[in-house]
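> Just passing along the structure, written as structure tokens.
In my numbering, the protein residues as written are 119 to 243.
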């Protein structure tokens with residue numbers, strides 16, 4: 119009997135599918151699994167002059183549900199803080215930014231939600 123795949127393995131395959139999807143749509147991948155002491159961002163990409171921070175979710179079923187429920191507020195804040203650090207480290211402070219979510223179901227179908235959440239003004243520089 120095969121062992122069940124770990125969450126990291128599932129996430130990795132979901133991220134690979136997400137990257138392929140994003141490239142096909144014209145996104146340029148800048149970084150993957152960007153980590154700091156605060157947290158991680160799955161994919162950082164550039165699209166039409168915008169730096170896009172992308173959270174990838176591997177769906178366990180065919181129904182994707184409400185995109186806002188995929189990333190709870192505490193995780194949104196963490197992603198925003200990590201993105202701020204990325205922008206500073208890479209001297210991209212003046213860039214337009216966007217936060218997307220890409221969900222991949224077990225069949226490999228992709229649901230890409232652009233501008234899935236936004237930082238509150240007090241959180242962003």
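The C-beta atom is built at its ideal place from N, Cα and C for all residues, glycine as well.
These numbers were taken from a predicted model, which means no experiment stands behind them.
Could you round the C-beta distance between residue 164 and residue 148 to whole angstroms and report it? I think they count as a contact, below 8 Å.
6 Å
> I need the boundaries of the alpha helix (DSSP H) containing residue 140, first residue and last residue.
Judged by DSSP secondary structure, residue 140 falls within the alpha helix (DSSP H) whose first and last residues are 125-142.
> For residue 223, tell me which candidate among 169, 171, 236, 175 has the shortest Cα-Cα distance.
175
> Just to confirm my understanding: we take residue 194, look at its own chain, exclude 5 residues before and 5 after, and list those with CB closer than 7 Å. What are they?
235
> Smallest Cα separation from residue 154: which of 146, 187, 205, 191?
205
> Let me make sure I understand the geometry here. Which of 209, 200, 214 has the alpha-carbon closest to that of residue 161?
Selected option, being the one with the closest Cα: 200.
> Would you please state the rounded distance, in angstroms, between the beta carbons of residue 197 and residue 173? I believe it to be under 8 Å.
Distance from residue 197 to residue 173 at the Cβ level is roughly 6 Å; contact confirmed, criterion being Cβ atoms closer than 8 Å.
> By the three-class DSSP mapping on this structure, what secondary structure does residue 197 have?
helix
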